[in-house]
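One structure below.
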Ligand SMILES: [Zn+2]
């Protein structure tokens, strides 16, 4: 049976462009992506988008971080609503893979109640260390949601068949990971915040925020090497690439 990949747009954020490309001016409106991977042995979600409280009161949820973003997040945009509209049962999600634990990637975790959360061990540890919580802007309420957890170290093949593989892409945060999905149409890597935009990869333009810029550059080089052998790279927050992406219920591939 085939593995299918679907894209869900779970809101948008507007922020200073410099947050995405160091030194850039103006602002940028970016999508908040969530992905569904339908594997014969279970449904996988890659990231969960924003917490529903951001529809009403972002400042109460995010504190000072809220001042950096304008949130475009309406009823129907949250992960539960988007999944239902695409014909998926959120209660049937087996694995919830978090690229990392920032508010726009793990905010919807609470809604994915029956899944096992898959996260890099070092990301989980960083998100439960007081100094690191402050430095990296984590919101523990997003991910301290009680599901069973699989903490992995580096590469992890989710089903043991090479079709859905966590790839360590550290740097944006201490334990960021991307997800390789081996589709019949070819390999696709969901880069998430290891690579915000096309220009991040093409021109190695780092954002103004990176936990470890050197590690992030190494991760970008790894993504470049994959792209060079024909792997499709899906950027984490590229508005132009995103608008060309088929949306669920239509599959990406
Ligand atoms: Zn992030």
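Residue numbers (the working numbering): 12 to 264.
Each residue gets a CB set at the ideal place from its N, CA and C atoms; glycine is no exception.
As assigned by DSSP and simplified to three states, the class of residue 58: coil
Please report the residue range of the beta strand (DSSP E) in which residue 188 lies. 188–194
Measure the beta-carbon distance from residue 60 to residue 22 and round it to whole angstroms, keeping in mind my assumption that it falls under 8 Å. 6 Å
Tell me which residue opens and which closes the beta strand (DSSP E) that residue 38 is part of. 38–50
Flag residue 62 as yes when its Cβ comes closer than 8 Å to any non-hydrogen atom of ligand 1, and as no otherwise. no
Following the continuous beta strand (DSSP E) through residue 81, name the residue where it begins and the one where it ends. 81–83
According to DSSP, is residue 121 helix, strand or coil? helix
To the nearest angstrom, report how far apart residue 264 and residue 120 are at their CA atoms. 25 Å
How would you call residue 63, buried or exposed, if buried means at least 16 neighbouring beta carbons within 10 angstroms? buried
Counting only the same chain and skipping the five closest in sequence on each side, list residues whose C-beta sits under 6 Å from that of residue 242. 198, 200
If you measure from the CB of residue 111, is any heavy atom of ligand 1 nearer than 8 Å? yes
In whole angstroms, what is the alpha-carbon distance linking residue 24 and residue 196? 31 Å
Identify, in the order they occur along the chain, each residue of the same chain with its Cβ nearer than 7 Å to the Cβ of residue 165, setting aside the five sequence neighbours on each side. 179
Regarding residue 204 and ligand 1, is the C-beta to nearest heavy atom distance less than 8 Å? yes
Please find out if some non-hydrogen atom of ligand 1 comes closer than 8 Å to the beta-carbon of residue 127. no
From this set, 162, 152, 105, 189, which residue's C-alpha is nearest residue 126's C-alpha? 105
Whose C-alpha, out of 161, 182, 134, 153, is nearest the C-alpha of residue 220? 182
Among the candidates 204, 27, 140, 228, whose CA atom is the shortest distance from the CA of residue 76? 27
For ligand 1, I want to know if residue 184 counts as a neighbour, meaning its beta carbon is within less than 8 Å of at least one of the ligand's heavy atoms. yes
Residues in its own chain within less than 6 Å of residue 48 by CB, not counting five upstream and five downstream? 16, 55, 175, 192
Do residue 41 and residue 250 have their CB atoms nearer than 9 Å? yes
I believe residue 19 touches residue 94 by the beta-carbon criterion, under 8 Å. Please report the beta-carbon distance rounded to the nearest angstrom. 7 Å
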